[in-house]
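Quick note, the sequences are listed as chains A and B, same order. Residue numbering for the first sequence follows the UniProt record's numbering, beginning at 1 and increasing consecutively. Residue numbering for the second sequence follows the UniProt record's numbering, beginning at 1 and increasing consecutively.
2 protein chains.
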Amino acid sequence: MRLAELSERSGVPIPTIKYYLREELLPPGRRVSATQAEYDEEHLRRLRLVRALLQLGRVPVATAREVLAAVADESVDQLSRLGTAVAALPPGGPRDTDGDETTAREAERTAEELQRRLGWRVVPENPAHLTLVSALSALLRLGYPCDVSQLLPYGRLAGDLAAHEVALIGEFEAPTTQLEAAVALTVLYEPVLLSLRRLAQAEEASRRFGGE
Amino acid sequence: MRLAELSERSGVPIPTIKYYLREELLPPGRRVSATQAEYDEEHLRRLRLVRALLQLGRVPVATAREVLAAVADESVDQLSRLGTAVAALPPGGPRDTDGDETTAREAERTAEELQRRLGWRVVPENPAHLTLVSALSALLRLGYPCDVSQLLPYGRLAGDLAAHEVALIGEFEAPTTQLEAAVALTVLYEPVLLSLRRLAQAEEASRRFGGE
DNA sequence: ATGATTGGATAGTGCCACTCTCCAACACGG
DNA sequence: CCGTGTTGGAGAGTGGCACTATCCAATCAT
């Protein structure tokens with residue numbers, strides 16, 4: 001199919017697709033002449049994935065390029081690719097730099113002990129670990145409780161989710177498909193999880209605080 | 001304290017604080033003369049909350065203003081204020097507009113049935129509901145499984161989290177403090193939850209796919 | 001008295017995800 | 001074979017947003 005059809009079928013404007021091609025979020029089409037290129041179903045799928053990452057996952061363009069490059073990079077083993085891809089995903093950008101050293105230290109200790117109690121390896125350079133520390137540090141500074149005992153249930157829940165999701169990924173056959181699935185599920189289940197939490201909060205709050 | 005001290009104690013640059021004052025994210029200081037104003041501990045607390053919302057919670061400035069205004073609005077009852085405040089929080093912005101009607105319809109049905117099965121009220125205008133539908137719709141379009149049976153465990157987990165959090169909020173005494181706590185915990189536990197999920201995924205993936 | 005500081009207003013900056021404009025090379029109907 | 005329209009590509013331009021730099025007059029410290 002031509003660019004115009006790719007645009008129509010995906011709902012993405014032509015100039016935007018051109019932009020994605022330039023940014024290497026989409027592989028170029030099969031050149032059929034000096035000024036024509038042909039796109040296939042694979043491009044359509046990829047375009048939808050890109051859109052989902054950018055719009056729902058709020059992934060910056062530069063990051064999405066890295067992630068997709070890592071998925072496609074056949075020179076390394078699958079687990080490394082998975083690690084690289086997922087590590088690049090946000091939150092991984094500007095962490096919070098305010099605040100004093102003391103709370104930062106305490107947040108760090110809490111995060112580490114939490115992971116040890118859950119039986120997880122502690123990898124201090126992991127972006128997720130850094131994000132966790134930032135968030136805990138902000139909570140501490142605001143005076144909200146976030147000790148290990150509070151957080152343990154969250155950790156166990158996260159473990160359940162992860163087990164479920166990794167099992168799901170394992171069901172895909174082709175390695176690249178698995179990697180793509182890992183990225184897609186990591187990013188797209190975030191809004192699912194967060195909106196379910198919001199809905200549950202609303203339900204619980206109206207039960208507890210609202211009479212009606 | 002003066003602006004300079006507020007800046008120093010919070011780690012936020014003076015021009016940025018001025019900007020927040022202009023944007024009504026911070027209430028003005030107590031005027032002590034035509035060109036001097038006095039700030040107190042409450043301003044510091046509020047400033048930290050604003051920073052946490054903007055930087056960790058990625059809340060847009062305009063949204064944060066709405067949320068904080070709703071928290072402070074004493075003309076309505078607490079549950080309404082809570083609802084207004086939390087409803088304004090992202091994800092609530094640009095939902096995904098691509099894609100066909102069919103998947104959107106199916107996503108809608110899935111979301112509704114899921115909530116019914118969880119015993120929750122279905123409020124189609126709820127921003128969280130709309131986000132959920134968008135995310136499910138994207139998953140469907142990409143061909144990933146997201147039927148009710150897959151999602152039920154997520155919903156139950158979300159319910160557990162919400163119960164825990166709402167109970168925590170109930171422990172605060174003053175209504176405004178409760179509302180602030182609700183906003184802060186809603187926003188700040190998101191990165192906590194998401195990074196725990198990432199860490200758990202990494203743990204689980206290396207257990208399952210990586211030998212060592 | 002006088003130089004520094006303060007709070008407030010206005011305009012400017014940098015980043016980012018697009019989006020517009022142009023162009024030469026085709027494709028295609030007559 | 002010729003004119004008309006479309007295509008893909010490249011560069012510059014746009015709009016939104018979260019700051020940030022500059023000014024200014026009033027006031028404070030000495």
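Each residue gets a CB set at the ideal place from its N, CA and C atoms; glycine is no exception.
Contacts that residue i makes with chain A (C-beta to C-beta distance below 7 Å)
i, result
"B/D98", "S10, G11, V12 and R51"
"B/R121", "E203"
"B/R208", "V166 and G170"
"B/A34", "Correct list: empty, because the minimum Cβ distance to chain A is about 31 Å."
Spatial distance of residue i from residue j (CA atoms)
i, j, result
"A/R208", "B/A88", "21 Å"
"A/A37", "A/A70", "25 Å"
"A/R141", "A/V76", "42 Å"
"B/T16", "B/L188", "21 Å"
"A/D73", "A/A162", "24 Å"
"residue 223 of chain A", "A/V67", "Missing from the structure shown is residue 223 of chain A; chain A here goes from 1 to 212 and no further."
"A/R116", "A/T131", "17 Å"
"B/D174", "B/L6", "The identity of residue 174 of chain B in the sequence shown is Ala, whereas the question assumes Asp. Using only the alpha carbons, I get a separation of about 25 Å."
"B/Y154", "B/R46", "33 Å"
"A/L53", "B/G29", "42 Å"
"A/V133", "A/A104", "7 Å"
"B/Q178", "A/T177", "46 Å"
"B/L199", "A/Y19", "33 Å"
"A/L82", "A/A182", "8 Å"
"A/V59", "A/L194", "16 Å"
"B/V166", "A/E8", "45 Å"
"A/L25", "A/Q150", "41 Å"
"A/E203", "B/W120", "6 Å"
"B/I169", "B/A184", "10 Å"
"A/E41", "B/L114", "31 Å"
"A/A107", "A/D98", "14 Å"
"A/P145", "B/R197", "20 Å"
"A/G143", "B/V12", "18 Å"
"A/V192", "B/E101", "20 Å"
"A/F172", "A/H164", "14 Å"
"A/L157", "A/L118", "11 Å"
"A/S137", "A/M1", "51 Å"
"B/A62", "A/T35", "45 Å"
"B/Q78", "A/Q78", "51 Å"
Residues that residue i contacts on chain A, provided the C-beta gap is smaller than 8 Å
i, result
"B/D160", "P153 and L157"
"B/Y144", "A181, A184, L185 and L188"
"B/A4", "Neighbours of B/A4 on chain A: none; closest Cβ ~16 Å, over 8 Å."
Buried or exposed by the 16-neighbour rule on C-beta atoms within 10 Å, applied to residue i
i, result
"B/I14", "exposed"
"A/E190", "buried"
"B/V122", "exposed"
"A/S33", "exposed"
"B/L152", "exposed"
"A/R31", "exposed"
"A/P124", "exposed"
"B/T186", "buried"
"B/G159", "buried"
"B/R109", "exposed"
"A/A128", "buried"
"A/A205", "buried"
"B/R51", "buried"
"A/E180", "buried"
"residue 216 of chain B", "In the structure as shown, chain B begins at 1 and stops at 212. Residue 216 of chain B is therefore absent and cannot be evaluated."
"B/P27", "exposed"
"B/R22", "exposed"
"B/A135", "buried"
"B/R48", "buried"
"B/A4", "exposed"
Opposing strand residues paired with residue i [DSSP bridges]
i, result
"A/A62", "Paired residue(s): none; A/A62 is not in a bridge."
"B/S33", "B/Q36"
Interface partners of residue i on chain A, CB under 9 Å
i, result
"B/E106", "Correct list: empty, because the minimum Cβ distance to chain A is about 15 Å."
"B/A174", "In chain order: nothing, as chain A lies at least about 14 Å away."
"B/L21", "By Cβ distance, chain A contributes nothing, its closest Cβ being about 17 Å from B/L21, past 9 Å."
Contacts of residue i in chain B (Cβ-Cβ under 8 Å)
i, result
"A/P91", "P191, L194 and S195"
"A/S134", "L56 and P191"
"A/L79", "A205, S206, F209 and G210"
"A/L82", "A205 and F209"
Chain B contact residues for residue i, given Cβ-Cβ distances below 9 Å
i, result
"A/T131", "L56, P191, V192, L194, S195 and R198"
"A/V86", "R198, Q201, A202 and A205"
Chain-ordered chain B contacts of residue i [CB-CB under 7 Å]
i, result
"A/Q115", "L199"
"A/R48", "R141 and L142"
"A/H164", "P153"
Taking a Cβ distance cut-off of 7 Å, strictly less, list which residues of the region 54 to 74 of chain B are near chain A, in chain order. Residues passing the 7 Å Cβ filter: Q55 and L56.
Looking at chain A, which residues of the region 189 to 203 of chain B have a Cβ within less than 9 Å of any of its Cβ atoms? Contacts with chain A (Cβ-Cβ distance below 9 Å) from the region 189 to 203 of chain B involve Y189, E190, P191, V192, L193, L194, S195, L196, R197, R198, L199, A200, Q201, A202 and E203, listed in chain order.
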